[in-house]
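Q: Here the sequence shown stands for residues 856 to 1059, numbered as in our numbering.
We put the beta carbon where it would ideally sit given N, CA and C, even for glycine.
No experiment lies behind these values; they were computed from the predicted model shown.
Have a look at this one.
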Amino acid sequence: MPPEEPQIHESAQGPATTPAPSRTAPTPRPVPGPRPAAVPRPGRPGPRPAPPAQRTPQQPAKPGPAATTPSVSTQVPQVQLIPASAEGALDAAEEAVDLLLDTGRAPGDVLVLTAGELHPWAAHELSFGEAAYWAQHDARDDVFYADAAQAERAAARPVVVFAVNGGEPADVARSLPVALGRATALLVVCGDAQQINSVLGAGV
């Protein structure tokens, strides 16, 4: 037979069984590059700075969770009165909030209550449902606005700003002591000075 033809380059027709293992030698696989499995790593969003749980421990409902201020719930907050008409009480409250934030108060430390019309923010957020609205209250990462009639549902915060922008005098008289009880450091009341002094003097 013709043994002089060792050129079995690509023709695998030869019945010779010996050159079969030599097929594995020419490895036509030197392309290990196309592995895009490691691509999704750099797309990590960093939601770490979101949790506002730094300020939640300061809930004076339980005396002494921090073991350093065991009498937080018994402290009487300071009361600051900003004389304003019913029409200007909400604007005065907004100015008070701006001043508080400018002087270093965290937004989550401030609760704003309105005796008359709802604050526009509260009205807007309530349009998405009460569950989402109160979830923002529980998050404590921003100023929260609520109706004074719902002050008992709100948790205590260091500063409460009460805007007497309307409402019945009896409702204001009932809500003011509740607002005072929700403030752990400062209560700012914007409204008629004579009405507020008479309520605070009789109810506190």
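Would you report the Cα separation of P962 and A994, rounded to the nearest angstrom?
A: Here residue 962 refers to the residue found at position 107 of the sequence shown. Here residue 994 refers to the residue found at position 139 of the sequence shown. Going by the C-alpha atoms only, they are around 11 Å apart.
Q: Could you check how far apart the C-beta atoms of A944 and N1020 are, in whole angstroms? I think they sit under 8 Å.
A: As a first step, residue 944 is located in the sequence shown; it is residue number 89 there, counting from the start. As a first step, residue 1020 is located in the sequence shown; it is residue number 165 there, counting from the start. Yes, they are in contact, since the Cβ atoms of A944 and N1020 sit about 4 Å apart, within 8 Å.
Q: Between which residues of its own chain and V1044 is the CB-CB distance below 6 Å, once the five residues before and five after are set aside?
A: Along the sequence shown, one-based indexing puts residue 1044 at 189. These residues qualify, in order along the chain: L936, F1017 and I1051.
Q: Whole angstroms is fine: what's the gap from Q909's alpha carbon to L1055's?
A: Your numbering for residue 909 matches position 54 in the sequence shown. Your numbering for residue 1055 matches position 200 in the sequence shown. Any reading at Q909 must be qualified, since the residue scores a pLDDT of 39, below 50, and its modelled position is unreliable; the value itself is stated next. The alpha-carbon atoms of Q909 and L1055 are separated by roughly 32 Å.
Q: Is L1041 helix, strand or coil when you go by DSSP?
A: Stepping through the sequence shown from its first residue, residue 1041 is reached at position 186. Here L1041 sits in strand by DSSP.
Q: Consult DSSP for L973 and reduce its assignment to one of helix, strand or coil.
A: Numbered from 1 along the sequence shown, position 118 holds the residue referred to as residue 973. If DSSP states are grouped into helix, strand and coil, L973 belongs with coil.
Q: Which stretch, first to last residue, makes up the beta strand (DSSP E) that contains A1018?
A: Here residue 1018 refers to the residue found at position 163 of the sequence shown. Start and end: R1012 to A1018.
Q: By DSSP, does D1047 sit in helix, in strand, or in coil?
A: Here the question's residue 1047 lines up with position 192 in the sequence shown. The answer is coil: DSSP assigns D1047 none of H, G, I, E or B.
Q: Just to confirm my understanding: we take A1048, look at its own chain, exclude 5 residues before and 5 after, and list those with CB closer than 8 Å. What are they?
A: Translated into the one-based positions of the sequence shown, residue 1048 becomes position 193. If we look at A1048 and ignore the five residues flanking it on each side, its Cβ neighbours are L936 and P938.
Q: What's the call for D957, buried or exposed, on a 16-neighbour Cβ count within 10 Å?
A: Indexing the sequence shown from 1 puts residue 957 at position 102. Label assigned to D957: exposed.
Q: Please classify P915 as buried or exposed, where buried requires at least 16 neighbouring CB atoms within 10 angstroms.
A: Taking the sequence shown and counting its residues from 1, one reaches residue 915 at position 60. Any reading at P915 needs caution, since the residue's pLDDT is 40, under 50, leaving its predicted position unreliable; the model's value is listed next. So P915 ends up on the buried side.
Q: Where does V934 fall in DSSP's three states?
A: Numbered from 1 along the sequence shown, position 79 holds the residue referred to as residue 934. V934: strand per DSSP, three-state reduction.
Q: For A941, which residues from the same chain have a beta carbon less than 6 Å from its beta carbon, with the 5 sequence-adjacent residues on both sides left out?
A: Here residue 941 refers to the residue found at position 86 of the sequence shown. Closer than 6 Å at the Cβ level, and outside the excluded window around A941, lie N1020 and G1021.
Q: Pull up the DSSP beta-bridge partners for F983, would you.
A: Translated into the one-based positions of the sequence shown, residue 983 becomes position 128. Answer is none; F983 lacks a bridge partner.
Q: Label H1072 either buried or exposed according to how many other C-beta atoms from any shown protein chain fall within 10 Å of its C-beta, with 16 as the threshold for buried.
A: Here the chain comprises residues numbered 856 to 1059, so residue 1072 is not present and cannot be evaluated.
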